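Just below is one structure, and these are the notes that go with it.
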Amino acid sequence: MRLFNKSLLVEMALICLLAAVLGFAWNHQLLYNAWTGKATATSPTRNAPVAQGGVPLPAGLMQVKEFYDRKEAVFVDARDGTAFAASHIIGALSLPLGETEVKLPQFKAKVPQTTLLVVYCNGYDCHDSMDLGKKLLLAGYRTVFVFEGGYPEWKDAGYPVEGGKP
Amino acid sequence: MEGCRLSGGGREAVRYGTKELMTTVLRLLLGGVFLYAGITKIAAPTVFAGSLAAYKILPYFGNYLVASILPWVEALCGLLLIAGYRVKAAVSLIIALNIVFMAALASTIIRGLDIDCGCFRQGGEKTSAWTALLRDVAFLITAVVVMTGTKTKEKKFF
Numbered sequence: 016m017r018l019f020n021k022s023l024l025v026e027m028a029l030i031c032l033l034a035a036v037l038g039f040a041w042n043h044q045l046l047y048n049a050w051t052g053k054a055t056a057t058s059p060t061r062n063a064p065v066a067q068g069g070v071p072l073p074a075g076l077m078q079v080k081e082f083y084d085r086k087e088a089v090f091v092d093a094r095d096g097t098a099f100a101a102s103h104i105i106g107a108l109s110l111p112l113g114e115t116e117v118k119l120p121q122f123k124a125k126v127p128q129t130t131l132l133v134v135y136c137n138g139y140d141c142h143d144s145m146d147l148g149k150k151l152l153l154a155g156y157r158t159v160f161v162f163e164g165g166y167p168e169w170k171d172a173g174y175p176v177e178g179g180k181p
Numbered sequence: 079m080e081g082c083r084l085s086g087g088g089r090e091a092v093r094y095g096t097k098e099l100m101t102t103v104l105r106l107l108l109g110g111v112f113l114y115a116g117i118t119k120i121a122a123p124t125v126f127a128g129s130l131a132a133y134k135i136l137p138y139f140g141n142y143l144v145a146s147i148l149p150w151v152e153a154l155c156g157l158l159l160i161a162g163y164r165v166k167a168a169v170s171l172i173i174a175l176n177i178v179f180m181a182a183l184a185s186t187i188i189r190g191l192d193i194d195c196g197c198f199r200q201g202g203e204k205t206s207a208w209t210a211l212l213r214d215v216a217f218l219i220t221a222v223v224v225m226t227g228t229k230t231k232e233k234k235f236f
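Chains as they are written, first to last, in our numbering: chain A, 16 to 181; chain B, 79 to 236.
Right, dumping it as C-alpha cells:
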C-alpha cells in the first residue's frame, strides 16, 4: 500500500493553500509591517490588547538587534546594579527587578510611556526580565518586549556593550 | 456449528465496531486539540511570531510568515477531523506538522534553549520543550491510529 497517493497529496496541498489564503487575508497588515521591518505589537490594532493584557512579547536576537540599529527601542536592564555596572548593552537603562518600587517613578519621568521597551537580564534561565516586563506593562507602557537571550546572547554575538554606573 | 459461526461473526462485528468507535473518538479529540491550538494562535499572531523567534530557526520575516499561516493549517485540519471530511488528508498534515514540531523542540533541547514551546495559548504559562515533545509523541501516535483506522469512502478530487 502506498502511504501517499496523488489524490491525498493534492488534498493536503489544497488545505495548505486555503490556510495560506486565509492567513494572508487575516494578517496582511502584520505581514506588511514585518516585511518593511516595522512589525511590533502596536502596529495591527487587534494585537495591541495582547501586549496590554499584562504579558510582554518575547523577542529574538535578530529582532532586538534591528530595534537597536534603528534606535527604535529603549533597552532596560533588569539585572542588579553590580552586573549593570560591570557591563551592559550600550545605551541601556538600569532598572533592577528588586528595586522597581523605588526606581520606577524616576524611570517613568525619564522614559515616555509610548516608548518601545526591550527588557533583558541574564539569558534564558533568568526570569527577571519577564517579571519586570509585566510590571512595566502595568505601569502603563504599551509595547514591552522581553529579550530572552539577554545580555549573554547579545555579548556572545559580538554586539556592542559598555561598562557604566547603575 | 452454524450457531458457532454466527457468534464468531458477531464477535468480529463487535470488535470492528469497537475499533471504529475508538477511531472516531480519537479523531474528534485530535480535531478538537488542533482546532483549539489554531484558534489561540490566530488570535495572537504577533505573540506567536515572538514564540517562533525564540526558537532561533527562522529569519525575522519567516517568523511572521509562519505565524500567519501555520495556525490556519492547524485550525482547518482540526475542523476537517471534527467534520469527518477529508480525514486522511487532514491527519496526514497533522502527522507532518507533528514531525516538524518535534524536530524543532528537539533542536531547542540540543541547543540548551530554555523557551516556551508556544504550542497553545500564547503568552501564558511556560511549557518546557520536554513536556511539549512528549505531548507531540502522544499526538503523533493518536494521528497514526486515526490514519490507519480511517476507511476512505470519499470521492477523490482527482
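Glycine residues also receive a C-beta, built at the ideal position from the N, C-alpha and C atoms.
In this text the structure is predicted, and so the values were computed from the model without any measurement.
- In terms of CA proximity to A145 of chain B, B:F198 leads the group B:V224, B:S206, B:F198.
- Nearest CB-CB separation between G165 of chain A and chain B: not below the 7 Å threshold.
- For secondary structure counted as the alpha helix (DSSP H) over 4 or more consecutive residues, the stretch 129-214 of chain B holds these complete runs in sequence order: 138-161, 165-189.
- In this structure, DSSP gives T228 of chain B a state outside helix and strand, which the three-state scheme calls coil.
- In terms of beta-carbon proximity, V111 of chain B stays away from the interface with chain A, with every pair separated by 7 Å or more.
- About 19 Å separates the beta carbons of G173 of chain A and Y139 of chain A, which is beyond the 8 Å limit, so they are not a contact pair.
- Using a Cβ-Cβ distance cut-off of 8 Å, the stretch 111-130 of chain A and the stretch 153-160 of chain A are in contact, since at least three pairs of beta carbons, one from each stretch, lie closer than that value.
- Within the stretch 142-153 of chain B, contact with chain A at the beta-carbon level (separation under 9 Å) is assigned to Y142, L143, A145, S146, I147, L148, P149, W150, V151, E152, A153.
- For I30 of chain A, the closest Cβ of chain B is nearer than 7 Å.
- Residue pairing by DSSP places T158 of chain A opposite A:L131 in a beta bridge.
- With contacts defined as CB atoms closer than 7 Å, F160 of chain A and A74 of chain A qualify as a contacting pair.
- The beta-carbon distance between F90 of chain A and A107 of chain A, rounded to whole angstroms, is 4 Å. This is short enough to meet the 8 Å contact definition.
- Counting only residues of its own chain and dropping the five nearest sequence neighbours on each side, L130 of chain B has a CB closer than 7 Å to the CB of L136, N141, V144, A145, G196.
- Beta bridge pairing from DSSP links D92 of chain A with A:S109, A:Y135.
- In terms of Cα proximity to L151 of chain A, the closest of A:P71, A:A98, A:K86 is A:P71.
- In the DSSP annotation of this structure, the continuous segment of the alpha helix (DSSP H) that includes P120 of chain A starts and ends at 115-125.
- Annotated three-state conformation of H142 of chain A is coil, per DSSP.
- Its Cα nearest to that of K118 of chain A, the residue A:G96 stands out among A:G96, A:L132, A:T130, A:I105.
- When C-beta atoms of the stretch 38-49 of chain A are compared with those of the stretch 98-105 of chain B, fewer than three pairs fall below 8 Å, so the two segments do not count as touching.
- Y114 of chain B has its alpha-carbon roughly 13 Å from the corresponding atom of A122 of chain B.
- Around the beta-carbon of L112 of chain A, 16 or more other beta-carbon atoms lie within 10 Å, marking it buried.
- Taking 8 Å as the upper bound for CB-CB distance, A184 of chain B and L211 of chain B are in contact here, some 7 Å apart.
- Interface flag for Y114 of chain B against chain A is unset, since no Cβ pair is found closer than 7 Å.
- Within the same chain, Cβ atoms closer than 6 Å to the Cβ of H103 of chain A are found at D92, the five residues on either side in sequence being excluded.
- Here V224 of chain B really is in contact with R105 of chain B; their C-beta atoms are around 5 Å apart, less than 8 Å.
- For A115 of chain B, no pairing in a beta bridge is given by DSSP.
- Around the CB of A161 of chain B, fewer than 16 other CB atoms lie within 10 Å, so the residue is classed as exposed.
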